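A.B. asks:
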Amino acid sequence: MRVLGIDIGTTNIKAVELSGTTDNIVLENYGILETYGYLERNNATIQSNYFKLVEEISVDLLKKLFLILKPKTKHVVFSLPIFSSFITQFELPFTEKNDIAKAVGFEAKKYIPVPLEELEINWMVTEQSENGGKKKSDVVLIAMPKELIEKYKRISNNLNLNLLGYEVEGLSLVRSVIKGDRRTTLIVDLGTQITNFHIIENGFLTNYESLNIGGAEITHVISQSLGVAKERAEEFKKIKGFKVGPEEAGVINILMPIVDNFGNEILRMMDMYQQKNNRKIERIILTGGGTNMPGLIEYFSEFLNMPVERVWPFNGIHYADFLEPLLKDVAPLLAVASGAAIRALE
């Protein structure tokens with residue numbers, strides 16, 4: 012079986028074509044279509060917060076991507092933006108599965124600020140334990156807006172695709188990146204407009220937060236500092252990043268407050284998790300397009316005083332040897348789409 016995993020981001024669309032079965036997955040193809048309108052207009056995005064997805068633009072861009080990619084399948088799985096979904100974790104007294112299902116609906120009303128009939132709700136028990144003779148179940152609830160899901164269905168229909176499923180991007184990241192690792196992990200997805208922070212516990216997505224700042228802000232600061240167009244600043248960011256010469260050292264001093272903002276947010280989430288759960292974050296993985304900024308991972312490792320890993324979503328996936336150097340460059344962009352495709356092959 013072949014399947015396309017598709018990730019519609021705020022300023023680009025990524026697709027990964029996989030084939031095979033759970034134990035023998037093969038990377039057949041991949042593609043990335045970038046849009047750069049955001050460099051001139053901050054609101055020139057494919058989708059943004061508050062469930063806004065521009066269907067017409069998405070269909071048009073996917074058509075262009077497919078012309079280049081030439082996929083050999085119509086089967087697709089979409090990842091949905093996590094900032095448009097609701098994720099929460101809570102405890103319930105240990106009961107039978109049917110009783111948990113009833114309790115989840117009641118608990119959901121406490122945590123979700125919109126009518127439940129407007130949402131598609133899924134839940135999973137991540138852990139069952141006993142304390143002082145009392146058994147409890149830890150439950151993670153994920154709710155996705157039906158309005159947004161319908162938009163993805165219409166996009167599929169307009170492109171004559173066979174929609175096999177959809178899931179929030181955090182779940183796709185778990186499939187492609189975690190792959191059975193039980194360490195408590197923080198995945199930082201540094202996007203163009205938005206940065207998402209995912210906490211993975213025992214292989215389950217349990218919490219997330221979004222920060223309305225991303226790589227575009229870094230580009231803007233470089234543009235202002237050097238007095239160059241944003242297109243040139245974007246190129247500077249991708250090629251030099253933190254590894255600049257003496258004549259450009261002043262740019263780093265200007266960038267530090269922004270990058271430190273990301274670092275402080277990571278520290279805040281780590282502290283919050285430790286205080287609540289009496290456990291530490293054991294692993295940090297950086298993904299998203301901003302990951303490719305030279306020197307950024309080293310900077311975060313020093314700032315956080317612990318190793319920070321660059322995402323690699325192709326462990327356990329077979330691919331041609333000549334693709335290795337190419338995949339190293341695009342891996343941070345393809346992690347979500349890869350995980351979405353894996354969903355259909357499990």
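Residue numbering for the sequence shown is 12 to 357, as defined by this note's numbering.
Where is the CB? At the ideal position from N, CA and C, for every residue including glycine.
Owing to the predicted nature of the structure, the values given are computational and were not obtained by experimental measurement.
1) In angstroms, rounded to a whole number, what distance separates the CA positions of I79 and A119?
2) Using the Cα positions of W134 and F253, report the straight-line distance between them to the nearest angstrom.
3) Could you pull the start and end residues of the beta strand (DSSP E) that S96 belongs to?
4) Can you tell me whether DSSP reads M283 as helix, strand or coil?
5) Report yes or no: do three or more beta-carbon pairs, one from the stretch 137-151 and one from the stretch 89-96, lie closer than 8 Å?
6) For S90 versus D18, is the C-beta distance shorter than 8 Å?
7) Going by other Cβ atoms of all chains shown within 10 Å of its Cβ, with 16 needed for buried, is L15 buried or exposed?
8) Just to confirm the assignment: which complete alpha helix (DSSP H) runs, minimum length 4, are found wholly within the stretch 125-199?
9) Determine the direct distance from the alpha carbon of V115 to that of W323, and round the result to whole angstroms.
10) Suppose contacts are defined by Cβ-Cβ distances below 8 Å. Is G226 in contact with G301 by that definition?
11) First and last residue of the alpha helix (DSSP H) that includes T21?
12) Which residue's Cα is closest to the Cα of A154: Q286, L103, I132 and S187?
13) Would you give the residue range spanned by the beta strand (DSSP E) that Y310 belongs to?
14) Along the chain, where does the alpha helix (DSSP H) containing T230 start, and where does it finish?
15) Just list the residues that DSSP pairs G31 with in beta bridges.
16) Exposed or buried, which one is H329 when buried takes at least 16 other CB atoms within 10 Å?
17) Tell me, please, which residues DSSP counts as bridged to S90.
18) If you reduce the DSSP assignment to three classes, tell me which class T203 lands in.
19) Taking the alpha helix (DSSP H) that R243 belongs to, which residues open and close that run?
20) Quick check: the stretch 189-205 against the stretch 213-227, are at least 3 beta-carbon pairs closer than 8 Å?
21) Determine which residues share a DSSP beta bridge with L44 and list them.
22) What span of residues does the beta strand (DSSP E) with V319 cover, start to end?
C.D. replies: Inspection of the coordinates gives the following:
1) The straight-line gap from Cα to Cα measures roughly 43 Å.
2) Approximately 42 Å between the Cα atoms of the pair.
3) Neither: S96 is in no beta strand (DSSP E) and is coded neither H nor E.
4) For M283, the three-state secondary structure derived from DSSP is helix.
5) no
6) yes
7) buried
8) 157-169 and 180-184
9) 35 Å
10) yes
11) From DSSP, T21 is part of no alpha helix (DSSP H); its letter is neither H nor E.
12) I132
13) Careful: Y310 lies outside any beta strand (DSSP E), inside the alpha helix (DSSP H) at L307 to L315.
14) G226 to L237
15) I36
16) exposed
17) D18 and E178
18) coil
19) If you look at R243, you'll find it in the alpha helix (DSSP H) that goes K241 to I250.
20) yes
21) I24
22) First-last of the beta strand (DSSP E) with V319: V319 to R321.
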